[in-house]
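Going by my numbering, the residue at position 121 of the sequence shown is 121; the numbering climbs one at a time, nothing skipped.
Just so it is clear, CB atoms sit at the ideal spot from N, CA and C, and this is done for glycine as well.
In this text the structure is predicted, and so the values were computed from the model without any measurement.
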Amino acid sequence: MFFRFDKGTRIPVDLNNMFSGSCFIAGGHPSLLKENLKLLKQPGIQVISMNNTASVVPTDIWVGVDKVDCYSERILLNPKIMKFSMISRRDLMVGDKLMKELSNMYFFGATENHFNIHNFLNPHRDMWWIKNVFPIALQLSYRLGFRKIYLIGCSFNISKDSQYSYKTNLDDQQINWNKKTYRNFVEKMKLMKPHFKEKDFEIISCTPNSLLNEFYPFMKFEDAIKEVLKDFPKEYDTDKCLHSSEMASEKYKDIEKLKEIVRKKNI
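Following this line, the structure appears as structure tokens:
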């Protein structure tokens, strides 16, 4: 269940399966900067960015579950990005606005209980909050309708000299905390493979040297882009579009009959 707010009133919103096909989930590992990220701007590509990764990656959907001071206001105030966060953050201030007043902003409930490696994608009112945005990004992508996920910038590695693709200055304690969190969920990802298969939820790593590459298939970023766009129209070809006056012609009716025959054969 998702929510938005209108003049302070909480409104339930059904966003389940509003999308289909595939998406890229972008984490913040510095390996992102070695990729041609402009390829993600192409029509036919959907990108979910976690946290401040939206500062370096062309982003359609954003998810962040920490307090607003953890994120760039340029991301949160961007009306073009469909944004998701925990409903407990709704009354935090972003500049001179409450988070619930932001354009294109949606909320979900979160729980530390209920979920495990066997029911991770099962329908539930809330998302699984275990101090890590990545599992929520996976659950969000599944609920929105995506069934094939390409992971970029999701290395699950961090060090003092290689932190994020955007500017940060984490100390040793923070880095060690991240390492522990990463290792914990990587182990869960390994164990969840049968559950993902049961749910027809495909995970492909496009992150070189990711800890997931040991047990999830790896594909080069450029090849993943080609795979997603292989059946997507390459041109707008508006010159081939019919004028509305042609809709009543016998030729058009014959074409529609042929399409209906083909459609029924494919059902």
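Residue i, DSSP secondary structure in three states
i, result
"P12", "strand"
"M192", "coil"
"T181", "helix"
"R143", "helix"
"T168", "coil"
"C154", "coil"
"N57", "Reading the sequence as shown, one finds Val at residue 57 and not Asn. Residue state, collapsed to three classes: coil."
"L92", "coil"
"S210", "coil"
"D254", "helix"
"D268", "In the structure as shown, the chain begins at 1 and stops at 267. Residue 268 is therefore absent and cannot be evaluated."
"K234", "coil"
"S249", "coil"
"L32", "helix"
"L98", "strand"
"I149", "strand"
Outcome for residue i when other beta-carbon atoms lying within 10 angstroms are tallied against a minimum of 16
i, result
"H118", "exposed"
"P217", "exposed"
"R125", "exposed"
"L102", "buried"
"M86", "buried"
"H29", "buried"
"T59", "buried"
"L242", "exposed"
"E235", "exposed"
"Q173", "exposed"
"F185", "buried"
"I25", "buried"
"M192", "buried"
"Q42", "exposed"
"L33", "exposed"
"M105", "buried"
"C299", "One cannot answer for residue 299 here, as it falls past the ends of the chain, which runs 1 to 267."
Spatially closest choice to residue i from the options, by CA coordinates
i, options, result
"K148", "C23, E227, F5 and M247", "C23"
"F215", "I255, F196 and A224", "F196"
"G21", "L229, V133 and F221", "L229"
"V13", "I81, I255, R143 and K188", "R143"
"I61", "L121, S244, I255 and L138", "L138"
"N157", "I203, W177, Y150 and K167", "W177"
"F5", "F84, N17, Y71 and S155", "F84"
"N132", "K257, G64, T207 and I25", "G64"
"R183", "T238, F134 and S31", "F134"
"P208", "N16, C154 and A248", "C154"
"I81", "S55, W129, K259 and S244", "S55"
"P129", "K97, N104, S162 and T181", "For the sequence presented, residue 129 should be read as Trp rather than Pro. Residue T181 is the option with its Cα nearest to W129."
"L15", "S49, L140 and D69", "L140"
"T9", "G27, K100 and K251", "K100"
"K97", "I175, E260, S249 and K7", "K7"
"N122", "Q163, L76, D171 and F201", "F201"
Start and end residues, alpha helix (DSSP H) containing residue i
i, result
"K226", "F221 to L229"
Sub-8 Å separation of residue i and residue j beta-carbons
i, j, result
"G95", "E112", "no"
"L92", "K67", "yes"
"I136", "E35", "no"
"G145", "F2", "no"
"R90", "F108", "no"
"N52", "Y166", "yes"
"G44", "F221", "no"
"I255", "L39", "no"
Boundaries (first-last residue) of the beta strand (DSSP E) holding residue i
i, result
"L76", "Here L76 belongs to no beta strand (DSSP E); instead the alpha helix (DSSP H) covers E73 to L76."
"A110", "M105 to T111"
"R4", "F2 to D6"
"A26", "S22 to A26"
"N83", "Checking the sequence shown, residue 83 turns out to be Lys, not Asn. Its beta strand (DSSP E) spans residues M82 to M86."
"D274", "Outside the shown range of the chain, which is 1 to 267, sits residue 274, and nothing can be said about it."
"I204", "E202 to S205"
"M50", "V47 to M50"
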